[in-house]
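Trainee: Sending over a structure as structure tokens; questions will come in a sec.
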Amino acid sequence: MNQTSEISEKQSPIHREIDGNVTFNNVSFRYPGTEVNVLNNISFKVSAGQTVAIVGTTGSGKTTLTKLISRLYDIHSGQIEIDGIDIKDYAFHSLRDQISYIEQDIFLFSKNVMDNILFGRDASEDAVIQAAKDAQAHDFIIKLPQGYETSVGERGVQLSGGERQRIAIARAFLSNPKILILDDSTSAIDSETEEKIQIAISRILKGRTTFIITHRLSQIRWADKILVLANGKIIAQGSHEDLLRTCEEYRKIFVTRFDKTLEELLEVQA
Amino acid sequence: MVYMGLDAEEYDRVYSDRVLFKRILAYFKQHLKKMIIVIIFLVLTSITAGILPYLTSLIIHQLEFSTSTTIIIGLVIATLLFNIITYLFNYINKTLSAVILNSVTYQLRADVESNVLIQDLSFFDKYPTGKIVSRINSDSQNFFEMAQIFIDSISSFLVVIIMLIPMFLIDAKLTLIFLAMVPVIFLFTLSFRKVARKKTLQGQRILAVVHSFVQETMSGIQIAKTFRQESTLYKEFKEINKKSFKINLNRALFMNVIFPGLSLIQGVMLGLILYFGGDTVLHNPTLSVSTLYLFIQSLWGLFFPLFSVAAFWPQFQTGMAAAERIFALIDSKPQVIQEDSQKINRIRGKVEIDNLQFYYNPEKPVFDHFSLKISPGESVAIVGHTGAGKSSLARILLRFYEFQAGTINIDGKDIRKLDLQDYRKQVGLIPQTPFLWADTLENNVKYGSPQATREEVLWALDQAGGKDWVENLTDGIETNIRERGKLLSMGQRQLVVFARVLLQDPAILILDEATASVDPFTETRIQEALEKIMEGRTSIIIAHRLRTVRHVDRIVVLDHGKIVEQGNHDTLMKNNGYYARLYNMYFKHQSYEFINEIHQQS
């Protein structure tokens, strides 16, 4: 229980390629040097390749939860396992090479678009363009003054939140992590951009375990598992259908937004 | 590039020195009695200060020609007494003038602030708040300093006159030599006047730019951090700060030319007096050593007052420029003018806009012959592309901007003839970005309805999406939610504004729907609360939510200030016209169909 805040690698840590099964066992967490738990008794199981949508109000602990998966912080009590092995037994680079984050505020270097997608990796120009196309970013990139050579970031062209997000998704296509954590907080006013962003998100989820923090109902609705967080606790979890039946607050979202009855909502699912 | 942002504001105007002087004097007139006392003591101080060198020269004379210790002791005591009296006179005069100066500055600041507060929103849209803040604070400070210099200079001037009289009686020739140099001092400093004024104005404007930048940075810090723009901001700040540094250094260097220049003149004058005076003492017995001493002493005594009178102009310019800027702000007139103030109580909320003409810029009319009637209690969604006139319509109805032609009637009465306070009480505004004060949650809800009880506040919060979240705040309803409500989430801030409007209970609601992404739980509360707020009120909504356009009584489709379509959602969709195209652009992604199908498209 009395852990130091310092995160260290075990002696002779495990190096392995991970599949992406994630288990949280009664995990509680408080930030180093504080007395109050931010997360309390979090337990859930995700199979490799599944998508988990994390929903909840601001301050419910969504972002914190995702930070624990790659051991950015050590937990206070409980256990986190990847493929049945405690994450504390893994070598750091095994975790961090195979777990990627797309954060809420996406950082772009003061370099060109190409370098920003490459992010220090080695890949052919064709591979970068393919990644950009998959991420629905190619179209807006070629419209920039110098296309892929356009300087972005602090000293370059300013990109919108949605555009940055798609650059980050292209980056993720290239790095192809086993576990992806996507903190999605953008919102587009127009349907066309919204459609592009959502297609990009839906594509990057495939073939990897993904944790997505999102306000987008389509991403929530189609996730394999939804975790509903409130004040650092999971108040409901399950599939869309499960939650429609069991979680009143969740049901209300869809009933109110679309003026549909529970039966109508379940119909499409079937 | 260096002078970007240093231009005059639109409300700036040029006042002649005479007009400025009159305006300034008007402020001092209120303190006439104190002013008279100050002037009396100024004269007294100048006389006693002028007598002191004469006393010293008498002592020297006694040392030279007499042996009477009694007289010398008497003279020494007299010198001491005169010093004390001078100090006392000076004390009274300085204290009183400090009182006057601070009162005048206080009044001036109060006048600016009260005029700024009555300005229309258009005024604040146009001018960054930082610049206005700087004008109210720094400029009134500069004005204060100018007024101080003004009083000091009057006193210096009196000292000069009083000291010149005995000097002239003792040796007219030396005095004339001395006086001949005075115009040189004045010419020297006056020649800098224009440039000094310009440089000072630039200095003040760049200071306002710096202020405004810092203020914006602080209020936008979250965004900046989110986009990791701190270093960019810092770079920009460095750029502006460097500019400010250059301009102010340039100004300081320029001002510094004046003072060393004066020292040079002082040296020349002293040389001339010593040369001619020493010559007279040696060859002409009419001038004694003690008299020459008196002369040199008076010269030293005169230099400082002369300096300050000469330096008075360039420094005076700072204050005059400040006064000019302040008066411009005091004199700027609001555009929205009520022709009458007919009292109204509860209104029904009938809105009739007839033949409206409105523009920000005459070459680009926003509305031209625009008409729209809204029945009491009707809910109307206004939709259209950016620039269609949605926000302008809201601003006009809120009386934030003045329209140029046509009529707007509220319950059949001309909007211009209503009591503005009464009218605004009847119009509730929910802006796109909620603005909350750094105060308790309770006071934020009560804002606009100060008489509301704790129960009413809780009721309003409950109506506006439920009050359970309030209990999670450290001090519940008494939690200070910090600047702009930053302790609350975006969605919660919207709920607070809803509660505020529910307490206000207006007959007309104007709502600009937020577009920020909010978590689905809070979003659901917002949508439910919205319905409650609209109930029984005339609602005009700049709609961004699909649910809203589907629920309102009528959708008004705007394009370039013209109504191109009207009707409810279903009818308009069937028409397959302008609205259907707008729907595909802005609303489709919020539909159930989209949410269900997008997954397949990937």
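In the order they appear, the protein sequences are chains R and L. This note's numbering puts the first residue of the first sequence at 52, with every later residue one more than the last. This note's numbering puts the first residue of the second sequence at 2, with every later residue one more than the last. Glycine is no exception: its CB is placed at the ideal position from the N, C-alpha and C atoms. It should be emphasised that the depicted structure is a prediction, and the values quoted were computed from it without experimental measurement.
1. How is the beta strand (DSSP E) around N362/L delimited, first residue to last?
2. Measure the C-alpha to C-alpha separation of V113/L and V20/L and round it to an integer number of angstroms.
3. Can you tell me whether DSSP reads P196/R as helix, strand or coil?
4. Let me check one thing: in DSSP terms, what residues is L510/L bridge-paired to?
5. Taking buried to mean at least 16 other C-beta atoms within 10 Å of its own C-beta, is K447/L buried or exposed?
6. Quick one: what does DSSP say R501/L is sitting in, helix, strand or coil?
7. Whole-angstrom Cβ separation of R526/L and G467/L, contact assumed at under 8 Å?
8. Using 8 Å as the cut-off, can you tell me whether the segment 131-143 of chain L makes contact with the segment 259-271 of chain L, which would need three or more C-beta pairs spanning the two stretches below that distance?
9. Does T55/R come within less than 8 Å of chain L when only Cβ atoms are used?
10. Does DSSP put K160/R in a helix, in a strand, or in coil?
11. Need the endpoints of the beta strand (DSSP E) that Y593/L sits in, please.
12. Under 9 Å Cβ-Cβ, which residues of chain L neighbour K311/R?
13. Answer with buried or exposed for M219/L, where buried requires no fewer than 16 other C-beta atoms within 10 angstroms of its C-beta.
14. 8 Å is my cut-off, CB to CB: does E318/R come that close to chain L?
15. In the DSSP assignment, the alpha helix (DSSP H) including Q120/L goes from what residue to what residue?
16. Considering only C-alpha positions, which residue in the set Y82/R, L123/R, L256/R, V164/R is nearest to K194/R?
17. Am I right that A274/R and A104/R are in contact with their C-beta atoms under 8 Å? What's the rounded C-beta distance?
18. So P167/L is in the alpha helix (DSSP H); what residue range does that whole segment cover?
19. Would you mind sorting D234/R into buried or exposed? The rule is 16 or more other CB atoms within 10 Å of its CB.
20. Go through its chain and collect everything with a Cβ distance to I409/L's Cβ below 6 Å, but skip five positions before and after it.
21. Using beta-carbon positions only, say whether F359/L and S393/L come within less than 8 Å of one another.
22. Let me know the beta strand (DSSP E) ranges lying completely inside the segment 524-573 of chain L, each 3 residues or longer, listed in chain order.
23. Applying the 10 Å Cβ sphere with the 16-neighbour rule, what's the burial state of R400/L?
24. To the nearest angstrom, how far is the alpha carbon of V100/L from that of N282/R?
25. Would you say G213/R reaches chain L, if we count a Cβ-Cβ gap shorter than 8 Å as a contact?
26. Compare the Cα-Cα distances from I285/R to each of T260/R, G84/R, V89/R and report the closest residue.
27. Since I232/R and Y152/R are thought to touch, with beta carbons under 8 Å apart, how far apart are those beta carbons, to the nearest angstrom?
28. Where does E598/L land, buried or exposed, given buried means 16+ other C-beta within 10 angstroms?
29. With a cut-off of 8 Å, do at least 3 Cβ pairs link the segment 457-474 of chain L to the segment 417-434 of chain L?
30. Which residues, taken in chain order from the segment 492-503 of chain L, show a beta carbon closer than 7 Å to some beta carbon of chain R?
31. In chain order, what residues of the same chain have a beta carbon less than 6 Å from the beta carbon of I255/R, not counting five sequence neighbours either side?
32. Under 8 Å, Cβ to Cβ, is there at least one residue of chain L near G171/R?
33. Which whole-angstrom value is the C-beta distance of Q216/R and F95/R, which I expect to be below 8 Å?
34. Starting from the beta carbon of T410/R, find every residue of chain L whose beta carbon is closer than 9 Å, and list them in chain order.
35. The segment 360-371 of chain L: which residues have C-beta closer than 9 Å to a C-beta of chain R, in chain order?
36. Closer than 8 Å, CB to CB, is Y587/L near chain R or not?
Mentor: Well, looking at it:
1. From DSSP, the beta strand (DSSP E) with N362/L extends over 352-362.
2. Answer to the nearest angstrom: the Cα atoms are 18 Å apart.
3. In the structure shown, P196/R sits in coil (DSSP, three-state: anything other than H, G, I, E or B).
4. Partner(s): G429/L, S540/L.
5. Classification of K447/L: buried, given that the 10 Å Cβ count is 16 or more.
6. Judged by DSSP in its simplified three-state form, R501/L adopts helix.
7. So it is a contact: roughly 6 Å between Cβ atoms.
8. Taking one beta carbon from each stretch, the segment 131-143 of chain L and the segment 259-271 of chain L have fewer than 3 pairs nearer than 8 Å; the two do not touch.
9. Because T55/R carries a pLDDT of 49, less than 50, the predicted location of this residue cannot be relied on, and no value is offered for it.
10. Looking at the sequence shown, residue 160/R is not Lys but Phe. Looking at F160/R - three-state DSSP - the assignment turns out to be coil, as it is neither helix nor strand.
11. Segment 593-602 is the alpha helix (DSSP H) holding Y593/L; no beta strand (DSSP E) there.
12. Near K311/R (Cβ distances below 9 Å), the residues of chain L are Y593.
13. Looking at its Cβ environment, which holds fewer than 16 other Cβ atoms inside 10 Å, M219/L is exposed.
14. Contact with chain L is absent for E318/R, since none of that chain's Cβ atoms lies less than 8 Å from the residue's Cβ.
15. No alpha helix (DSSP H) holds Q120/L; DSSP gives it neither H nor E.
16. Of Y82/R, L123/R, L256/R, V164/R, the residue nearest in Cα terms is V164/R.
17. Between A274/R and A104/R, the beta carbon gap of about 4 Å places them in contact (Cβ cut-off 8 Å).
18. Looking at the DSSP string, the run of the alpha helix (DSSP H) that includes P167/L is 130-171.
19. D234/R sits buried, since 16 or more C-beta atoms from the chains shown fall within 10 Å of its C-beta.
20. Cβ within range, chain order: I354, I416.
21. Against a cut-off of 8 Å, the Cβ pair of S393/L and F359/L comes out as a contact.
22. As far as the segment 524-573 of chain L is concerned, its whole beta strand (DSSP E) runs of at least 3 residues are 539-543, 555-560, 563-568.
23. So R400/L ends up on the buried side.
24. In this model, V100/L and N282/R are separated by some 58 Å (Cα to Cα).
25. No, its Cβ sits nowhere closer than 8 Å to a Cβ of chain L.
26. The candidate whose alpha carbon is nearest that of I285/R is V89/R.
27. Rounded, the Cβ-Cβ distance is 5 Å, consistent with contact.
28. Result: exposed.
29. Counting Cβ pairs under 8 Å, fewer than three are found: no touch.
30. If you check each beta-carbon in the segment 492-503 of chain L against every beta-carbon of chain R, none falls closer than 7 Å.
31. Cβ neighbours of I255/R beyond the five flanking positions: I220, A223.
32. No, because no Cβ of chain L sits closer than 8 Å to the Cβ of G171/R.
33. The Cβ separation is near 26 Å, so there is no contact.
34. Past the boundaries of the shown model lies residue 410/R; chain R is included only from 52 to 321, so the question cannot be answered.
35. Those would be none; no residue qualifies.
36. Yes, contact with chain R.
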